[in-house]
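Data block below; observations after.
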Amino acid sequence: MQQIPYQTPRFKTTSFNCPFCSAFSQQNWHYLYYLNSAYRTLNNAEICFCSHCKEYSIWHNETMIYPNFVGVEPASQDLDQDIQNDYQEAAEILQRSPRGAAALLRLAIQKLSIQLGEKGKDLNKDIGNLVKKGLPIKVQESLDTLRVIGNEAVHPGEMDLRDDMAVASSLFKLVNFIAEKLITEPKEVDEIYGRLPAVKIEQIENRDSEQ
96 MQQIPYQTPR
106 FKTTSFNCPF
116 CSAFSQQNWH
126 YLYYLNSAYR
136 TLNNAEICFC
146 SHCKEYSIWH
156 NETMIYPNFV
166 GVEPASQDLD
176 QDIQNDYQEA
186 AEILQRSPRG
196 AAALLRLAIQ
206 KLSIQLGEKG
216 KDLNKDIGNL
226 VKKGLPIKVQ
236 ESLDTLRVIG
246 NEAVHPGEMD
256 LRDDMAVASS
266 LFKLVNFIAE
276 KLITEPKEVD
286 EIYGRLPAVK
296 IEQIENRDSE
306 Q
């Protein structure tokens, strides 16, 4: 169940997760040139080719400007498609608007609360209900972090996220962490448990019903 950590694309790093194919692969860097009677390099501009999918990213002043989204780990495939779409949209605007990305991820976890069986009208109450059902403390902290920061992005108070890429980027990991703990891991356990012989499962259920 342990996942390989996602490596965010960084300038001049020779391997990271490609923003196009998401594979962790070798990255090959080259200067950008233009032809003006002779080949000349563009100042502070480089192109990076992914050895896996052969797509390329363009960097200027050590910042990725193409594709137009900073690399973040892909959304969990166990999230509803509508949530994955919000996650991807947040990734696409992260460089231009960290505050907008945080607001979208806050919307994503409100939809996630519905996927988890809550009403989705009041996220604070939904998290409280999940806590009553035995929500692990670190998942609760992750949900509340996304809720509070997302609210601050929409209604600025003590936090100003307009230029805070670091905080906004970290929220993507929290969304996937929540999905991993509440959806992916239980599903994997259910699949393995379901392979037990039917008679063994019946014995286990009978044992537990006697307690």
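Residues in the sequence shown are numbered from 96 upward in steps of one, following this note's numbering. The beta carbon of each residue, even a glycine, is placed where N, CA and C say it ideally should be. Predicted, not measured: the structure shown is a model, and the values here were computed from it.
Residue i to residue j, Cα distance in whole Å?
i: Gln-176; j: Asn-156; result: 35 Å
i: Leu-241; j: Arg-302; result: 41 Å
i: Ala-198; j: Gly-245; result: 5 Å
i: Ile-209; j: Arg-105; result: 35 Å
i: Gln-122; j: Arg-191; result: 24 Å
i: Gly-229; j: Ser-117; result: 34 Å
i: Phe-111; j: Gln-205; result: 31 Å
i: Tyr-182; j: Asp-259; result: 18 Å
Taking the DSSP output, what are the residues bridged to residue i?
i: Asn-112; result: Phe-119
i: His-125; result: Ile-142
i: Ser-152; result: Cys-143
i: Leu-130; result: Tyr-134
i: Tyr-161; result: Ile-153
Please say whether residue j and residue i have beta carbons closer to each other than 8 Å?
i: Leu-130; j: Ala-140; result: no
i: Cys-143; j: Trp-124; result: yes
i: Phe-119; j: Glu-150; result: no
i: Leu-207; j: Ile-178; result: yes
i: Gln-235; j: Val-226; result: yes
i: Ala-203; j: Val-270; result: yes
Go ahead and label residue i buried or exposed: buried means 16 or more other beta carbons lie within 10 angstroms of its beta carbon, across all protein chains shown.
i: Ser-171; result: buried
i: Ala-196; result: buried
i: Gln-298; result: exposed
i: Ser-264; result: buried
i: Ala-261; result: exposed
i: Pro-281; result: exposed
i: Pro-292; result: exposed
Nearest CA to the CA of residue i: which residue from the options?
i: Glu-168; options: Val-249, Gln-102, Arg-290 and Glu-236; result: Gln-102
i: Glu-184; options: Cys-145, Phe-267, Ala-293 and Lys-220; result: Phe-267
i: Ala-275; options: Leu-238, Arg-290, Val-294 and Val-243; result: The sequence given here has Glu at residue 275, not Ala. Among Leu-238, Arg-290, Val-294 and Val-243, the Cα nearest to that of Glu-275 is on Leu-238.
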